[in-house]
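J.: Below are the structure tokens for one structure; questions will follow.
Number of protein chains: 4
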Amino acid sequence: MLPYHYEHRVRVRYAETDKMGVCWHGNYLLYLEEARGEALRATGHGSYAEMEAAGVMTPIVNIQLNYHQSSFYDDELVIHVYVEEPVRSRICFRYEVKNLAGDLILDGTTTLAFITADTHQPCRPPLALRQFFK
Amino acid sequence: MLPYHYEHRVRVRYAETDKMGVCWHGNYLLYLEEARGEALRATGHGSYAEMEAAGVMTPIVNIQLNYHQSSFYDDELVIHVYVEEPVRSRICFRYEVKNLAGDLILDGTTTLAFITADTHQPCRPPLALRQFFK
Amino acid sequence: MLPYHYEHRVRVRYAETDKMGVCWHGNYLLYLEEARGEALRATGHGSYAEMEAAGVMTPIVNIQLNYHQSSFYDDELVIHVYVEEPVRSRICFRYEVKNLAGDLILDGTTTLAFITADTHQPCRPPLALRQFFK
Amino acid sequence: MLPYHYEHRVRVRYAETDKMGVCWHGNYLLYLEEARGEALRATGHGSYAEMEAAGVMTPIVNIQLNYHQSSFYDDELVIHVYVEEPVRSRICFRYEVKNLAGDLILDGTTTLAFITADTHQPCRPPLALRQFFK
């Protein structure tokens, strides 16, 4: 069951490339965020949008990324997301991004905090999410 | 006095280029928005942030842009902003973007609506702004 | 046959929203560009990436957009792309962007020029594309 | 002399905020990249654009960032860049991003590799840059 694994695909947009001819390094954070959202939706325990509507937000607190190879315009990328059980008010996502040839493009982690939308204080993850990881 | 003219400078970021080696067309909207904000601040009648804090937002309703030449990484661009007096709940900004050699890169207009932050209904421009244009 | 119609779907990313809580106006250009690319791929006459690899690039020369309603994080948007037959070295794409409730979010056009990748001079559209529109 | 310290200022753009009302986490990479470029220009040993024109590119290989507090639209941010002497074909930049009240917004490092523009093989840093750090 743990870590929960989800696989998401994105395609590199033209605007996401830079003059080096490759996907600009910061744009992978767009893909990882999208992949997290789809991983959450796929649990069947509510989307990220629903979680925010219920008063919980999840700002990023730490990012660690290793860039192994470049990706290019129109490349389809496979994002493997591994989600660990939340620890108190934090949750860690681990990623491997590969191209269709299987080359490792990027790996790393992002750690997010659960905070309340009104007071911005740390809070426990939503119940449905906690139960999913039990 | 009218149209009010303001000149703003930006530098093209690496991330704002694309694989064609030029500034990606959509990124000029970042520059125009920044130039509008600085033009508003320079009137001495409050920044855009203060206007929003006072309950007025200005979504874009129309964009018309002509692209004449490319700009490149690290180019310094001069953005000439011309602001017409608001008409009812709308205001039109006209722009000319040039590089330091004086070449015209882009010209065009953006039209914005004044709406209330709470009900999102059209509203009059803030009083200070109306008086500025008298 | 003409105009050629293609329908593409995108989902609004979290990073593409702004503090007004809606999709930032400039980000629609990301969606339109992606939709153009998929429309071209769907013709069966080569992708945009293949066209560039063959030495033809298509910078934007004109954009005209009308914003009717906002879209929001996680909204799925349907982009209707209508492509007219290229006239000399230019091609015009017309768009209607709707949400799943059928509300019109945005409509407008983008005009692109065909230029050679080496000399950046205007050129005719690739043969396959011209034949597709015959 | 070492580490070389440079201070750069940026202002958070409206488009760089997200629906949480704060600067989207990935956009700090725009600011760090801009700060690196200005730090390099300030050495008097050539800009990043000149280095690329001379055949050397510097892709990112590692990013480590800690997010401490949010920043907001129109905030002016002070980016402290600390550059260590390059080790073989790599160079590490350390950052502290603060708002004007002195609050620490973000700190972290990015590591870049020097590669040749033609073969994309690792290479030594440009001579001028190596001499600067002697």
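Which chain is which? The protein sequence lines are A, B, C and D, in order. Sequence positions in the first sequence follow our numbering and run 1 to 134. Sequence positions in the second sequence follow our numbering and run 1001 to 1134. Sequence positions in the third sequence follow our numbering and run 2001 to 2134. Sequence positions in the fourth sequence follow our numbering and run 3001 to 3134. Ideal Cβ positions, reconstructed from N, Cα and C, are used throughout, including at glycine. Note that the structure is predicted; figures quoted are calculated from it, not measured.
1) Measure from the C-beta of R1009 (chain B) to each C-beta in chain D and report whether the shortest distance is under 9 Å.
2) How would you label L3104 (chain D), buried or exposed, when you count the other beta carbons within 10 angstroms and need 16 or more for buried?
3) Anything in chain D within Cβ reach of T2017 (chain C), meaning under 9 Å, just list it in chain order.
4) With a cut-off of 8 Å on the beta carbons, I'd call T1017 (chain B) and K19 (chain A) a contact; round off their distance for me.
5) Measuring only the C-alpha atoms, how far is Y1031 (chain B) from D74 (chain A)?
6) Just to confirm the assignment: which complete alpha helix (DSSP H) runs, minimum length 4, are found wholly within the region 3015-3102 of chain D?
7) Which residues in chain D have a C-beta closer than 8 Å to the C-beta of N99 (chain A)? List them in chain order.
8) Looking at the strands, I want to know which residues DSSP matches up with H5 (chain A).
9) Considering just the uninterrupted stretch of the alpha helix (DSSP H) at A1128 (chain B), what are its terminal residues?
10) Kindly list the residues whose CB is nearer than 7 Å to the CB of T2116 (chain C), restricted to its own chain and excluding five residues on each side of it in sequence; keep chain order.
11) Can you tell me which of the three DSSP states T1119 (chain B) falls into?
12) If you reduce the DSSP assignment to three classes, tell me which class R3011 (chain D) lands in.
13) How about N3099 (chain D) and L3065 (chain D): do their beta carbons lie closer than 9 Å?
14) Rounded to whole angstroms, what's the CA-CA distance from P2003 (chain C) to Y6 (chain A)? Just pull it up for me.
15) What is the rounded straight-line gap between the Cα of E3084 (chain D) and the Cα of T3111 (chain D)?
16) By Cβ distance below 8 Å, which residues in the same chain neighbour P1059 (chain B) in space, the five residues on each side in sequence not counted?
17) Is it buried or exposed, A1101 (chain B), if we count other Cβ atoms within 10 angstroms and call 16 or more buried?
18) Check whether the Cβ atoms of R2013 (chain C) and E34 (chain A) sit closer than 9 Å, and answer yes or no.
19) Check this for me: beta carbons of V10 (chain A) and I79 (chain A), under 9 Å apart or not?
20) Can you list, in chain order, the residues of its chain with a C-beta nearer than 6 Å to that of P1086 (chain B)? Leave out the 5 residues immediately preceding and following it.
21) Whole angstroms is fine: what's the gap from V3061 (chain D)'s alpha carbon to K1134 (chain B)'s?
22) Going by CA-CA distance only, name the one from D:L3106, D:F3093, D:D3118, D:Q3121 that's closest to H3028 (chain D).
23) Is the Cβ of Y14 (chain A) closer than 9 Å to any Cβ of chain B?
24) Can you pull the chain A neighbours of I3079 (chain D), defined as C-beta to C-beta under 9 Å?
T.: Taking the coordinates as given:
1) no
2) exposed
3) T3017, D3018, K3019, M3020, W3024
4) 4 Å
5) 27 Å
6) 3028-3042, 3048-3053
7) Correct list: empty, because the minimum Cβ distance to chain D is about 16 Å.
8) A:Y82
9) 1127-1132
10) G2055, V2056, C2123
11) coil
12) strand
13) no
14) 40 Å
15) 10 Å
16) L1112, A1113, I1115
17) exposed
18) yes
19) yes
20) P1125
21) 55 Å
22) Residue 3028 (chain D) is actually Tyr in this sequence, not His. Per the Cα distances, D:L3106.
23) yes
24) Those within 9 Å of I3079 (chain D) in chain A number zero; the least Cβ separation is about 15 Å.
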